[in-house]
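A short worksheet on the structure shown next.
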Amino acid sequence: MFGLTWEKIASAVQGKLHTSASGKLSKPTGACIDTRNLQQGDLFFALKGENTDGHRFLKEAREKGAVGAVVNYIPSDVTFTDFPLLVVEDTVKALQQLAAAQRQIFTGAVIAVTGSTGKTSTKEMVAAILQEKGPVLKTMENHNNELGLPLSLLAVKQEHRFVVVEMGMRGLGEIDFLCRISQPDYGVITNIGHTHQELLGSQEKIAQTKAELIAHLPARGGIVLPAASKNILRPWLSNIRCATLWFGLNGSADICALEPRLLGEKGIDFDLVYRREAVGEIHLPLPGRHNILNALAAAGIGKHLGLTWAEICAGLAKVTLPKMRLEFEQIKSKDVQVINDAYNANPDSMCSALEVLQEAAVGKRAIAVLGDMYELGDFTEEGHLFVGRLVKEKGLAYLITVGKLGEIIARGAEAAGMNPERVHRCLNNEEAFFYLQEIMQSGDVILVKGSRGVKMEEIIVRLVSS
60 MFGLTWEKIA SAVQGKLHTS ASGKLSKPTG ACIDTRNLQQ GDLFFALKGE
110 NTDGHRFLKE AREKGAVGAV VNYIPSDVTF TDFPLLVVED TVKALQQLAA
160 AQRQIFTGAV IAVTGSTGKT STKEMVAAIL QEKGPVLKTM ENHNNELGLP
210 LSLLAVKQEH RFVVVEMGMR GLGEIDFLCR ISQPDYGVIT NIGHTHQELL
260 GSQEKIAQTK AELIAHLPAR GGIVLPAASK NILRPWLSNI RCATLWFGLN
310 GSADICALEP RLLGEKGIDF DLVYRREAVG EIHLPLPGRH NILNALAAAG
360 IGKHLGLTWA EICAGLAKVT LPKMRLEFEQ IKSKDVQVIN DAYNANPDSM
410 CSALEVLQEA AVGKRAIAVL GDMYELGDFT EEGHLFVGRL VKEKGLAYLI
460 TVGKLGEIIA RGAEAAGMNP ERVHRCLNNE EAFFYLQEIM QSGDVILVKG
510 SRGVKMEEII VRLVSS
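Now the structure itself:
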């Protein structure tokens, strides 16, 4: 946070400041909603949740070095008056208002990344590319909602040249709302898949929601779009005012890849092509053919922002991903490799992860441990059956499913012809762990993947610690 005095903060959030502190108040240097993550100099926002109330932690925030707090009310047990308290009607709204005020002050470029899958990976790649030009702030992990995005914006410093924000959504209007806060200059839509169909009802509605980003980009900015989704995005293309680049594996896209060479867990090499001209060789240190598309999308942002192809290639060669996203781990005692992709799941990302498993397990036994996929709506049954059929097509040694929806994956695999003796259904992660212990052999490669709510990393923690 920079450039925001207490007077400006109070004005932005329409609050009333209460303090007995004499002299000049310390300016906040960041924002926080959880005292467990609070840093010296933060402004603490006391939010009310289903299970807790941030107003209970004002004393702790003060003791940990917060310079003040934004509150709905002053609790009766708060007896100290030297700690500035800014009273507002709604602390969540105040957080968002302050982030919007910070964005008004920031003079660098803001890049927004959204899509059904690949948001976090693409965000990391965009940030790695732009780091070749100057300091970059990016949303931490997947802080992509009405709380995480404002917190990310309030972490910006004066030295930052770029801010890369990830935008998730849980319904129509959410991306529009996040854009009103962050006012992006550039944007990426990674793809239009089936994620969130439970919330929106159809793939067309998903496209409509993602396309809310398009209307917010200024004429001086730029958008990068997936060529594979051109037809479904067509109704909203007339809203584009800025420069547009299309990416895809087809040579007709503005940015595409030629001759991809898969290197297993070491990543991928491919030739970068811009409008039918080879412009560079890329080594992407991430596994999975799907990451080629994410890299092409990120390269498009680099092109919009004037980076050279050499800078774009250099940035992509340095990218790393957060934990639990196709992360290779080793069980040394058993010489078994585990692919930890447990952060989240949908049919598209399941397909990508199964490809990575197949590539990593050449000449070895491949085992998939797959859990429920949430938010698929009317596509729930077909989405899980589809993944089961994929498992059969990949010729895996074993399929282990977790959860009631995971059981549909098992049905899909068996219906496609997989030997039922190679399919095992588990109610929970503990059952899956014990069954893996029974069947694991030296040299096996195991993929573990499911939706966030299934917390399938619990299986990996037990495997590695055992």
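Counting from 60, one number per residue, gives the positions in the sequence shown under the numbering used here. Backbone N, C-alpha and C define an ideal beta-carbon position, used for all residues, glycine too.
Of all the CB atoms in chain D, is at least one closer than 8 Å to the CB of G230?
-> The question asks about chain D, but that chain is absent: this structure has only one protein chain.
Can you tell me where the alpha helix (DSSP H) with K451 in it begins and where it stops?
-> The count along the sequence shown starts at 1 and reaches residue 451 at position 392. Residue range T439 to K453 is occupied by the alpha helix (DSSP H) that includes K451.
L464 and M477 closer than 8 Å at C-beta = Along the sequence shown, read from residue 1 onward, the residue named residue 464 stands at position 405. Along the sequence shown, read from residue 1 onward, the residue named residue 477 stands at position 418. In this structure, L464 sits away from M477, with a CB-CB distance that is not shorter than 8 Å.
Please work out which residues of its chain come closer than 7 Å, Cβ to Cβ, to L366, disregarding the five sequence neighbours upstream and downstream, and give them in chain order.
-> Within the sequence shown, the letter at position 307 stands for residue 366. Here the set comprises I188, E191 and K192.
Give the secondary structure of R320 by DSSP, where H, G and I count as helix, E and B as strand, and everything else as coil.
-> The count along the sequence shown starts at 1 and reaches residue 320 at position 261. Here R320 sits in strand by DSSP.
Could you check where the alpha helix (DSSP H) with A69 kicks off and where it finishes?
-> As a working note, residue 69 is residue 10 in the sequence shown. A69 -> alpha helix (DSSP H) spans W65 to V72.
Straight-line Cα distance separating I164 from G374 | Sequence index remark: in the sequence shown, residue 374 carries index 315 (1-based). Sequence index remark: in the sequence shown, residue 164 carries index 105 (1-based). In this structure, the straight-line span from the alpha carbon of G374 to that of I164 is close to 28 Å.
Looking at C-alpha atoms only, which residue of R384, I518, G246 and A316 is the closest neighbour of M409?
-> For the purposes of this step, residue 409 is identified with residue 350 of the sequence shown, where counting begins at 1. Distance from the Cα of M409 is smallest, within the candidate group R384, I518, G246 and A316, for R384.
Of the residues L331, P285, T439 and V523, which one's Cα is nearest the Cα of K178?
-> For this step, residue 178 is matched to residue 119 along the sequence shown. Checked all of L331, P285, T439 and V523; the closest Cα to K178 is P285.
With distances taken from CA atoms, which of I505, G347, A425 and L97 is nearest I390?
-> Counting from one through the sequence shown, the residue named residue 390 turns up at place 331. Ranked by Cα distance from I390, the options I505, G347, A425 and L97 are led by I505.
Could you round the C-beta distance between I156 and A71 to whole angstroms and report it? I think they count as a contact, below 8 Å.
-> The sequence position of residue 156 within the sequence shown is 97, counting from 1. The sequence position of residue 71 within the sequence shown is 12, counting from 1. The sequence shown places Gln at residue 156, not Ile. Rounded to whole angstroms, the Cβ separation of Q156 and A71 is 5 Å, and the two are in contact under 8 Å.
Nearest to D136 by CA position, among L144, K118 and L355, is which residue?
-> As a first step, residue 136 is located in the sequence shown; it is residue number 77 there, counting from the start. Closest by alpha carbon: K118.
My guess is that A158 and I240 are in contact by the Cβ rule of under 8 Å, so how many angstroms apart are they, rounded?
-> Here residue 158 is taken as the residue at index 99 of the sequence shown, counted from 1. Here residue 240 is taken as the residue at index 181 of the sequence shown, counted from 1. About 5 Å; that satisfies the 8 Å criterion.
Using 8 Å as the Cβ pair cut-off and three pairs as the minimum, do the region 75-85 and the region 140-157 touch?
-> Verdict: yes, contact present.
Bounding residues of the alpha helix (DSSP H) (the contiguous stretch that carries P194) = As a working note, residue 194 is residue 135 in the sequence shown. Premise fails: P194 is in no alpha helix (DSSP H) and is neither H nor E.
Nearest-angstrom Cβ-Cβ length linking L196 and V222, presumed shorter than 8 Å | What you label residue 196 is simply residue 137 of the sequence shown in a count that begins at 1. What you label residue 222 is simply residue 163 of the sequence shown in a count that begins at 1. Right, the Cβ-Cβ distance comes to about 5 Å (below 8 Å), so this counts as a contact.
Please list the segments of the alpha helix (DSSP H) lying wholly inside the region 274-313, counting only runs of 4 or more residues, in order along the chain.
-> If we require 4 residues or more, the alpha helix (DSSP H) runs fully inside the region 274-313 come out as 289-292.
Since I believe I299 is in contact with I282 (beta carbons under 8 Å), could you give me their beta-carbon distance rounded to a whole number of angstroms?
-> As a working mapping, residue 282 is identified with position 223 in the sequence shown. As a working mapping, residue 299 is identified with position 240 in the sequence shown. 6 Å between Cβ atoms; contact.
Does the Cβ-Cβ distance between V461 and A491 come in under 8 Å?
-> Stepping through the sequence shown from its first residue, residue 461 is reached at position 402. Stepping through the sequence shown from its first residue, residue 491 is reached at position 432. Result yes, Cβ atoms of V461 and A491 sit closer than 8 Å.
Under the three-state DSSP convention, the category L97 falls into | Position 38 of the sequence shown, counted from the first residue, corresponds to residue 97. Collapsing the DSSP output to three states places L97 in coil.
So which of E271, T303 and V507 has the shortest CA-CA distance to A278?
-> As a first step, residue 278 must be located in the sequence shown, where it is residue number 219. Nearest option by C-alpha distance: T303.
Measuring CB to CB, does H219 end up less than 8 Å from L210?
-> Counting from one through the sequence shown, the residue named residue 219 turns up at place 160. Counting from one through the sequence shown, the residue named residue 210 turns up at place 151. No.
Give the single residue among K382, I341, T198 and D394 whose Cα lies nearest to the Cα of A369.
-> As a working note, residue 369 is residue 310 in the sequence shown. Nearest C-alpha to A369: I341.
Top-ranked residue by Cα proximity to E473, from M499, L495, Y494 and V446 = As a working mapping, residue 473 is identified with position 414 in the sequence shown. The shortest C-alpha separation from E473 is found at V446.
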